[in-house]
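A short write-up of the structure that comes next.
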Amino acid sequence: MDTIVVGQKLKLGGELISSKSDRDLSSGDYKFYVTKDDGYLQWNGLNYWKVSMYSTAFKDTNSPVSYMLLNSTGLYLMNDGLVVVFTVHLLGKYDFSMVKLDSKGRFLVGGYIGRTKKWSYEHIGPDNDCQIPDFCGAMGVCVAGTSTCTCPSNFHPDSLKGGCEPVSSNSLLPTACNSTTTNGTTQFKSSEMKYLKLISRLDYYVIRFLNPDKFGIELSVCEDLCSKNCSCLGFFFGNTSGSCYLIRNRLGSMLSSDDTNPNSGYIKMVIEKPNGDGGNDSNDDGGRHIPIAPIVLLPSTAVLLVFLFLVAVIFYRRKKRLNVTKSIKLGRFESSASMEFDFSSIPGLPVRYDYSELECATEKFSTQIGAGGFGTVYKGTLPDKTLVAVKKIINLGAQGRKEFYTEIAIIGKVHHVNLVKLRGFCAEGQQKLLVYEFMNRSSLDRTLFGAGPVLEWQERFDIALGTARGLAYLHSGCEHKIIHCDIKPENILLHDNFQVKISDFGLSKLLSPELSSHFTTMRGTRGYLAPEWLTSSAISDKTDVYSYGMVLLEIVSGRKNCSMRSRSHSTEDGNSDGAHSGSGGNLYFPLFALEMHEEKRYTEIADPRLEGRVSSEEVEKLVRVALCCVHEDPSLRPTMINVVGMLEGGTALGEPRPRSLDFLRFYGRRFTESSVMAGSNHVFTIHEQVNTASPSTATNSSQTAHSYLSSQQISGPR
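As structure tokens, this is what we get:
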């Protein structure tokens, strides 16, 4: 994780880990962690910056730090007693605030500004690029003030690895023993090693954070300490203090300044010995020596090579025949070469598992924990005892192998606290499986609609906010915008302490929708699909916003968007053309929520099982946000970043537009009519495809009615 957002805490000892690059989101070399006295940036195990170095940081107290917190007003290092230790204020107005450790090792505090559609960072640490350990690569020199990179004397740029390398072809920078050798042994002898002294105006990033290895010693003693330590790559020596600082494991960049550095730097160099001439083999009498061994060995070697060649030819032909036979049996007509795929051509792919590995991890797929339009999910345990969820993808579309792997690479690069992490995948023949982190509290639909303990209000609000944050990241925070296309309670998973994560994002492009009864002719699940699926309107991130609005109403009410309701719970006027039916007690809940909003009776929308244990202000907030999200006109729906802002309180609440919500009244009437028809043994119900009338009895009016009902089946209730 490299990011935290408003409301999240990073506890004592917690870490943010950078990505390797903006394109490769696997773990990089930089870390941020919280200690009792500050928050530190670290590279290669060594600190190089801390939060208190922000020019705007203010220390409020000397209490020990317990956690770091971000809210809409700033970044805070806090004590357990809610005492602020350090404060870094945010002056800008952001729709979506965040703290991020970027791939270059910078600690960024800022957020997203909706009107400019750009990320803006108000605080950047370090503010001087030359204080970043690897800014210019190993042995590169960063020039203060200009942040340009040069090389020290006797070095030139290394075009392959970056940084700088010795000019002399027989001189090398050593590699620390703990990364390339075993048993702590050195890679070179003292006779093959020397030290190169750096100019006096070069400094090293870590000196200000390090305690010296030795203090008050001579230069020769410091040099000896480094020579005897195979992980030491050089040292800095305090000319007046006698302090000795060893540089271990990896070399970073140097810092050039106009001030004279009180420390002298020395870099260890390995000198390659030239090859010896090996002497002469001529006879003492000066006569030519004719070697006997080659005369004997050459014929024998030739015979052996011919024999090995014949064996190889026989083996190759036999193997080829077996491959042809196997291909015929399996109905494969592609050559083995065409079946191979160069995975290295697609960067960012997660771990690839063999099918046998996942079969073993799931005990032959014995424990099913979920199923849906994308496939069946099984619980598994990897060899390192990590619990995972293994999804067998069914109904895979007809995209090519490269397209499949490209989509997996995109999904694998997405990392956010409110999105389920893709750990790996398997692709063998027709078998396509995805390996996700395991969520031990199952899905929201089981917790919200199940017979277990009722979900308390604060938990519901946190789930609504976490889901909104995850969707906002998919729409605005990823390198490639991802439209989920199937937001519903079944795809919102819960972990310990009701930590919420969205699953199945990015999978809609992989599915062959016509093969799944859970999906319409487009993408998604009935009851959550926006009206634009049925028109020529382009599908956009606002389509997910509509689905989120429907889910939000279900979170508030504890009911699915259509449900059975007794007459005693009907509104007092008993209008059967509204949200409910006077005869059947059926309720189309989105319309009921709209009617209660118009009458300002928000608490009647809340789940009655909560018995009033709700915040009336928050109920109103969620209902108004939900109704704004389900506007028929996509342009009137808020973005998910705006939704997050409204839920957090940083953005003014939107006002639902009645004219863009009138379609809910039509859906409510159709729901009532179809429920009554179903009760009278009509041939179609709201959950089935419409059976058209026979040709002899069909009329224009009946066809129109069927068309409207088809519209309701997709955008209306399930």
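FYI, in the numbering used here the residues of the sequence shown are 5 to 722.
For each residue, glycine too, the CB sits at the ideal point set by N, CA and C.
The structure displayed is predicted, hence computed values, not measured ones.
Could you give the C-beta distance for residue i and residue j, rounded to a whole number, given that I count them as a contact under 8 Å?
| i | j | result |
| --- | --- | --- |
| E432 | Y359 | 5 Å |
| F502 | I467 | 6 Å |
| N55 | L74 | The sequence as given places Val at residue 55; Asn does not occur at that position. About 12 Å; that fails the 8 Å criterion. |
| P493 | L448 | 4 Å |
| K383 | T410 | Wrong, their Cβ atoms sit about 28 Å apart, outside the cutoff. |
| A148 | S260 | 6 Å |
| G114 | P137 | Contact flag wrong, Cβ pair sits at about 23 Å. |
| L651 | A472 | 6 Å |
| Y209 | Q135 | 6 Å |
| Y116 | F100 | 4 Å |
Please go through the same chain and pick out, in chain order, the residues whose beta-carbon is closer than 7 Å to the beta-carbon of residue i, but skip the five residues on each side of it.
| i | result |
| --- | --- |
| E536 | I543, T547 and P638 |
| Y58 | V92, H127 and G129 |
| L459 | T451 and L452 |
Output the distance between the C-alpha atoms of residue i and residue j, rounded to the nearest integer angstrom.
| i | j | result |
| --- | --- | --- |
| Y98 | G167 | 38 Å |
| S224 | S245 | 14 Å |
| G76 | V92 | For the record, residue 76 in the displayed sequence is Ser; it is not Gly. Cα-Cα distance, rounded: 11 Å. |
| G49 | G144 | 20 Å |
| Y550 | C633 | 5 Å |
| F670 | D106 | 49 Å |
| F429 | E441 | 12 Å |
| V87 | D64 | 8 Å |
| E407 | F453 | 37 Å |
| E222 | L237 | 19 Å |
| S163 | S257 | 16 Å |
| F667 | R661 | 12 Å |
| K24 | H420 | 16 Å |
| T390 | R356 | 16 Å |
| G653 | N646 | 10 Å |
| A630 | H484 | 26 Å |
| L665 | D611 | 23 Å |
| G578 | G616 | The predicted position of G578 is uncertain, since its pLDDT is 40 and thus under 50; a value taken from the coordinates is nonetheless stated next. Their backbone Cα atoms lie some 24 Å apart in a straight line. |
| E659 | E602 | 11 Å |
| R252 | H499 | 40 Å |
| C248 | G85 | 41 Å |
| V317 | L353 | 37 Å |
| N83 | L362 | 44 Å |
| G553 | K505 | 17 Å |
What span of residues does the alpha helix (DSSP H) with residue i cover, start to end?
| i | result |
| --- | --- |
| Y359 | Y359 to A365 |
| E441 | No alpha helix (DSSP H) holds E441; the beta strand (DSSP E) holding it covers Q435 to E441. |
| T451 | L448 to F453 |
| P178 | Note, P178: premise wrong, no alpha helix (DSSP H); not H, not E. |
| M57 | First-last for M57: undefined, no H or E at that position. |
| G129 | Looking at the DSSP string, G129 is not in any alpha helix (DSSP H); the run it does join, the beta strand (DSSP E), is K122 to G129. |
| L469 | W461 to A476 |
| N495 | From DSSP, N495 is part of no alpha helix (DSSP H); its letter is neither H nor E. |
| G166 | From DSSP, G166 is part of no alpha helix (DSSP H); its letter is neither H nor E. |
| H601 | F593 to E602 |
| L651 | M644 to E652 |
| K546 | D545 to S561 |
| L229 | L223 to S231 |
Take residue i and list the residues in its own chain whose beta-carbon comes closer than 6 Å to its own, dropping the five residues that flank it on each side.
| i | result |
| --- | --- |
| V381 | I373, G374, A393 and K395 |
| L478 | I486 and F509 |
How is the beta strand (DSSP E) around residue i delimited, first residue to last?
| i | result |
| --- | --- |
| Y382 | G379 to T385 |
| F240 | C236 to G242 |
| F429 | L426 to E432 |
| K396 | L391 to I397 |
| K368 | Note, K368: premise wrong, no beta strand (DSSP E); not H, not E. |
| S23 | E19 to S23 |
| V504 | V504 to I506 |
| K198 | M197 to K201 |
| L14 | K13 to K15 |
| L206 | L206 to Y208 |
Pull the bridge partners of residue i from the DSSP assignment, please.
| i | result |
| --- | --- |
| G78 | N75 and H93 |
| V103 | I8 and V113 |
| N267 | G242 |
| G374 | V381 |
| K218 | C248 |
| Q46 | K35 and N51 |
| V145 | T154 and M258 |
Consider the Cβ of residue i: report whether some Cβ of chain D lies at a distance smaller than 8 Å.
| i | result |
| --- | --- |
| Q462 | Among the chains of the structure shown, chain D does not appear; only one protein chain is present. |
Enumerate in chain order the residues of its own chain whose CB-to-CB distance from residue i is below 8 Å, with the five nearest sequence positions on each side excluded.
| i | result |
| --- | --- |
| V274 | S175, L176, L177, P178, Q191, F192, E196 and M197 |
| C155 | M143, G144, V145, P161 and C168 |
| L16 | V38, T39, K40, V69, S70 and Y71 |
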